[in-house]
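To start, the structure under review is shown below, and the notes come after it.
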Amino acid sequence: MDPDAVAKAFVEHYYTTFDTNRAGLANLYQDTSMLSFEGQKFQGTQSITGKLTSLPFQQCQHGITTVDCQPSGPAGGMLVFVSGNLQLAGEQHALKFSQMFHLMPTPQGSFYVLNDIFRLNYA
Amino acid sequence: MDPDAVAKAFVEHYYSTFDANRAGLANLYQEGSMLTFEGQKIMGSQNIVAKLTSLPFQQCQHAITTVDCQPSGPAGGMLVFVSGNLQLAGEQHALKFSQMFHLMPTPQGSFYVLNDIFRLNYA
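Going down the list, the sequences are from chains D and Y. For the first sequence, our numbering gives the first residue as 1291, with consecutive numbering after it. For the second sequence, our numbering gives the first residue as 10, with consecutive numbering after it.
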């Protein structure tokens, strides 16, 4: 399958799930997954989902500006580098963010997130 | 060696070299290396260095704001996610950028850049 298409499909799925059902992100991580969120480090699905579902806002909407992807090596992984806007309900201005994912293939032919790094881009 | 220390040392070396001797970056890439620069895809040390040395400015200075790193899997690789400012000589305002590197170990105990993705962060 075309890597760019896979990356695009993943990004759409990830942010749609984030914006409508944050707890549903649990399916995308495994025990070995790592998240760095604004410098704070988390490991494992439970810990990661715990962080994401406890972020201090109820509603949000991600708007994606750029998606870049590259194969990450012989294990069949894929690196996905995203930039975009994050609009929080009730806030006048959207936040800008960059995020990178390292996706690894699952035996079922899907992908899970092994590495996830998120940073806000301050003006 | 402490991964955070490795990442920090790499970042300092990479941007010092970029700012002082861009052609010297050739040592950090190999034939299988990939660069995506503002959406443009380039492969292999020679092509990557040609792209970087032909960027339309003589002098620049990178200032790093954040560095995040995570191990990328069993092959001993490391993901490094950087954000910072890029000041071009003669320009009044610095550009903001985000960049991710996937470093892989060399037999000599060093690292090379397998994956490199660079994006400017527009206001």
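Glycine included, each C-beta is placed from N, C-alpha and C at the ideal position.
If you draw a straight line from the alpha carbon of residue i to that of residue j, how long is it in whole angstroms?
i       : j       : result
D/F1327 : D/F1408 : 5 Å
D/Q1336 : D/Q1389 : 20 Å
D/K1341 : D/L1315 : 11 Å
Y/A84   : D/Q1333 : 19 Å
D/I1338 : D/L1318 : 10 Å
Y/A103  : D/P1397 : 46 Å
D/K1298 : D/L1369 : 12 Å
D/D1294 : Y/S25   : 32 Å
Y/Q108  : Y/F19   : 13 Å
Y/G99   : Y/V91   : 24 Å
Going by DSSP, which residues form a beta bridge with residue i?
i       : result
D/S1373 : D/T1356 and D/S1388
Y/Q49   : Y/F46
D/L1393 : D/M1368 and D/V1403
D/Y1319 : D/V1403
Y/E72   : Sequence check: residue 72 of chain Y is Ala here, not Glu. Paired residues: Y/N94.
Just the chain D side, please: which residues come within less than 7 Å of residue i by C-beta, in chain order?
i      : result
Y/K105 : N1411
Y/H111 : S1362 and L1369
Y/A132 : A1413
List the residues of chain Y whose Cβ lies closer than 7 Å to the Cβ of residue i, in chain order.
i       : result
D/H1392 : S81 and L88
Using a C-beta to C-beta distance shorter than 9 Å, which residues of chain Y count as neighbours of residue i?
i       : result
D/K1298 : Chain Y residues near D/K1298: none, gap ~13 Å exceeds 9 Å.
D/G1329 : T75 and D77
Name the chain D residues whose beta carbon is nearer than 9 Å to that of residue i?
i      : result
Y/A16  : Those do not exist, as Y/A16 stays about 11 Å from chain D at its closest Cβ, beyond 9 Å.
Y/L123 : Q1360, S1362 and G1363
Using a C-beta to C-beta distance shorter than 8 Å, which residues of chain Y count as neighbours of residue i?
i       : result
D/N1317 : The premise fails here: D/N1317 is roughly 20 Å from chain Y at the closest Cβ pair, so nothing lies under 8 Å.
D/L1404 : S81 and G82
D/T1356 : G48 and R128
Starting from the beta carbon of residue i, find every residue of chain D whose beta carbon is closer than 8 Å, and list them in chain order.
i     : result
Y/S92 : S1388, R1409 and N1411
Members of the region 1334 to 1346 of chain D near chain Y, C-beta cut-off 9 Å
Answer set for the region 1334 to 1346 of chain D: empty.
Unbroken beta strand (DSSP E) runs of length 3 or more, entirely within the region 1323 to 1353 of chain D: which are they?
Segments of the beta strand (DSSP E) lying fully in the region 1323 to 1353 of chain D: 1330 to 1333.
Hey, which unbroken runs of the beta strand (DSSP E) at 3 residues or more fall wholly within the region 74 to 127 of chain Y?
Listed in chain order, they are 87 to 97 and 104 to 114.
Which residues, in chain order, does the region 1370 to 1389 of chain D contribute to contact with chain Y at a C-beta distance below 7 Å?
For the region 1370 to 1389 of chain D, the set of positions with a beta-carbon nearer than 7 Å to some beta-carbon of chain Y reads F1371, S1373, K1386 and S1388 in chain order.
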